[in-house]
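This report refers to the structure that appears directly beneath it.
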């Protein structure tokens, strides 16, 4: 395996504020790599540095073996970028967006025609080739942005929150498209704060908070390391949860009390539920589920709202 | 073959080129984008910018001109009033076209459509973007002016064969206003500040020896007028369409060459600061 991205103590400061505070990671060729974190964690800043449009203030960064400080255009020629907010060219029609973007990369008109048609097919937009961008739905715009990012056949595709703001149908279509790219061997680097998205798409991910890496691994590894196999959720009513929880200490690996419910992290949720009922307690509702990345994420980045 | 040896479909620029990270030698892609986008633009807006100087020519040149009669031009020759102000309005026409594109349109692209952000995330550099966008604005200025020049010819207001040289002069004037217009706009953050640009242009239009010789002003005011660019455009074009040539016209050319150079340098630096931080 070859690392196509290698960051070492990567740092970006704006004045006294460190948006990215010394993070290190590697992305291998063909891998789908995720940057997870709450808003303001430094994900987008990191993505801009990976996209060679923002210079680092410390550490080292190598993209495709090149230093973005010295070889920005060379790197960008081989990247596809899907920014957080669509910046499609609204003065151009759908197919022209692809053609014109390809020209920015110095590609010839002759090559671009068939390429644009193939990408429209891939993005399921072939019947919209002549439409205006403003006539497209949010999901269509997103797919067009991804198609556009692929016009130069990039070695790495950078996606900053690719499905934020989309409805579930549009998200699933998009995941399907991204999964196909992954199967074809495109290296994907994506940020998200949707845990299901990370579990669906990422081979490996880092959880970032306040500009530093909190954890790194595959989704399954992270769940094994930071959470339990299952989670039992029980509710006794907001006023009783805290009092009841005192009687539950020692259950499972860990018990977490939230205002509306109690979480028991355990290998076997049904067994813990039986134990609770055996103590003569009767929860209003109970739910046994598999532990998810969301549990890991909340454990690592905390439950308090950062704004 | 490992993934690292694969080539992407786009040509990869080589390191160590002239201007390195600023320039991919592909400004024509930016210009081509502008021309494609222009197809869908609002032609009423485009025409209004062209019509303004034409209306001035008809009203002041033909109308007021019939009362004024002739004016003494630089070397002392007497020429009709319409033929006197027409070249000035030709320069204004080039300015209007270039300014309209390089101010309002650039402001919109910079702050609302995020066009330049998209461009610099490809292999394009800020110098490509600056050159391409300035060329687009220049083309609009040249187009306005060319139309105006045809009207002048039809009205018999081109007095000498040197009027043909007004064509390259117009290109230079449009390039000057396009590059400085874009440079200034790149520093502008709000609509109010955009209005200031318009507010500055009006007096320059009225007082740059457009409608009467600069000699009517006392010397200090003459110097002030000569600081601003339009005066040099007006005098350059007037010399060419009337055939009254003077060596001092080379200074007007020099003024615009410097203007173009400064505009491009500042635009490039600003685009870099804004989008490649």
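Protein chains in written order, with my numbering: chain A, 1 to 307; chain B, 1001 to 1277. Don't be surprised by glycine CBs; every beta carbon is placed ideally from N, CA and C.
Distance, residue 1095(B) Cα to residue 202(A) Cα: 54 Å
At which residues does the beta strand (DSSP E) containing residue 214(A) begin and terminate? 212-217
Taking residue 34(A) as part of the alpha helix (DSSP H), name the residues at either end of that continuous run. Residue 34(A) -> not in any alpha helix (DSSP H); beta strand (DSSP E) instead, spanning 32-36.
My assumption, with CB atoms under 8 Å, is that residue 142(A) sits in contact with residue 166(A). Please give the rounded CB distance. 6 Å
Quick one: using the 10 Å Cβ neighbour count with 16 as the cut-off for buried, is residue 1084(B) buried or exposed? buried
Apart from the five residues just before and just after residue 1138(B), which ones in its own chain have a Cβ nearer than 7 Å to its Cβ? Taken in chain order, the residues that qualify are 1098, 1171, 1174, 1175 and 1178.
Taking only beta-carbon positions, decide if residue 162(A) is within less than 8 Å of chain B. At a cut-off of 8 Å between beta-carbon atoms, residue 162(A) makes no contact with chain B.
From the DSSP output, read off the bridge partner residues of residue 191(A). For residue 191(A), which the question treats as bridged, DSSP gives the partners 35(A) and 160(A).
Would you call the CB atoms of residue 112(A) and residue 157(A) closer than 8 Å? With respect to residue 157(A), residue 112(A) sits apart: the two C-beta atoms are not nearer than 8 Å.
With residue 1108(B) as the anchor, note down where its alpha helix (DSSP H) starts and where it stops. That run of the alpha helix (DSSP H) goes 1106-1111.
What does the Cβ neighbour count give for residue 1103(B), buried or exposed, with the cut at 16 atoms within 10 Å? buried
In angstroms, rounded to a whole number, what distance separates the CA positions of residue 1148(B) and residue 1056(B)? 12 Å
Three or more C-beta pairs closer than 8 Å, one from the segment 4-22 of chain A and one from the segment 167-181 of chain A: is that the case here? no
Would you kindly work out how many angstroms separate the C-alpha atoms of residue 295(A) and residue 199(A), rounded to a whole number? 12 Å
Test: residue 73(A) CB closer than 8 Å to a CB of chain B: yes
Three-state secondary structure (DSSP) of residue 1020(B): helix
Identified DSSP bridge partners for residue 132(A): Bridge partners of residue 132(A): 93(A).
Can you list, in chain order, the residues of the segment 1117-1140 of chain B whose Cβ is nearer than 7 Å to any Cβ on chain A? Residues of the segment 1117-1140 of chain B with a C-beta less than 7 Å from any C-beta of chain A: 1117, 1118, 1119, 1120, 1121, 1122, 1123, 1124 and 1125, listed in chain order.
Can you tell which of 1027(B), 1154(B) and 1263(B) has its C-alpha closest to the C-alpha of residue 1058(B)? 1154(B)
Using a threshold of 8 Å, state whether the C-beta atoms of residue 1133(B) and residue 1100(B) are closer than that. no
Determine the DSSP secondary structure at residue 3(A), reduced to helix, strand or coil. strand
Excluding the five sequence neighbours on either side, which residues of its own chain have a C-beta within less than 6 Å of the C-beta of residue 58(A), listed in chain order? 11
Just list the residues that DSSP pairs residue 18(A) with in beta bridges. 13(A)
Whole-angstrom distance between residue 268(A) and residue 261(A), CA atom to CA atom: Rounded to whole angstroms, residue 261(A) to residue 268(A) spans 18 Å at the Cα level.
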